[in-house]
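In the UniProt record's numbering, the protein residues as written are 1 to 283.
As structure tokens, this is what we get:
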């Protein structure tokens, strides 16, 4: 697990080091040549050793400190610091990043080939897991994002033809599930997934034209259904109104003929040419 590394103010250590060099220089001035050489060599060695512990941490960055392979801790406070000498200090960014997958060609739940792409917004929250849990946390997120998008695309149809069935076109529901799945996959690398969105969704080119014709046919059928439903209501209202006002008495045969004529007028997609009957109602 991530923990804080030992650190001290870097400028304080640097000032102490300069003061030590000044003191040694003053002492060496009155010493024999052999003693002065030993003091100078010791001071240079100590100064070089102390300087290996200096490091700079930028805002929204961290330094993972290792001492001969052992994890010492992480420095996340921005500034100039001094930590364990002779340690390696690996930079890990804590900034929010985004990754956009390539346009993946997969089959949806109905077996139709579709093209899908998504963008994932993420950041590192555990530098220990990001550094030692996986080989490369950036590549890990990229691979897992594409795998999650493929799995999502195969779990839902491109569009739902049944009530209550979720489709890929329902962005909010699909994005939430994608975020949850990615969060579970990325937790191993110490990564938090903030958000994920589908950025591209379309049928594959080889079936796009056929699916467009299918969508147009479905739209026409739906529109016709609404027209017929409204026409039936209008005919019923007309018959009820004629009966209430006692305008004309119609037997069942004439009612059927009137209903047929009204439905033709109301449901037809072309202008109707009226025919004037100059005879009686039954001729």
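We put the beta carbon where it would ideally sit given N, CA and C, even for glycine. From a predicted model like this one, the values you see are computed outputs, not experimental measurements.
Check, Outcome
"Segment contact, 8 Å Cβ cut-off, at least three pairs: the region 97-108 with the region 67-85", "no"
"Beta-carbon contacts of residue 259 that lie in its chain and below 8 Å, excluding the five residues immediately before and after", "235 and 239"
"Range covered by the beta strand (DSSP E) that runs through residue 185", "From DSSP, residue 185 is part of no beta strand (DSSP E) but of the alpha helix (DSSP H) over 171-186."
"Nearest to residue 144 (by Cα), restricted to the options 102, 111, 114 and 90", "102"
"DSSP three-state assignment for residue 103, whether helix, strand or coil", "coil"
"Residue closest to residue 86, alpha-carbon to alpha-carbon, out of 193, 125 and 45", "45"
"Beta-carbon spacing of residue 134, residue 201 below 8 Å", "no"
"Residues near residue 121 by beta carbon distance below 6 Å, same chain, minus five either side", "98, 194 and 195"
"Rounded C-alpha distance that separates residue 16 from residue 147", "53 Å"
"Candidates 140, 4 and 33: closest to residue 186 by CA position", "140"
"Local conformation of residue 66 per DSSP, three classes", "strand"
"Residue 309 and residue 2 closer than 8 Å at C-beta", "Nothing about residue 309 can be reported from this structure: the residues present for the chain run from 1 to 283 only."
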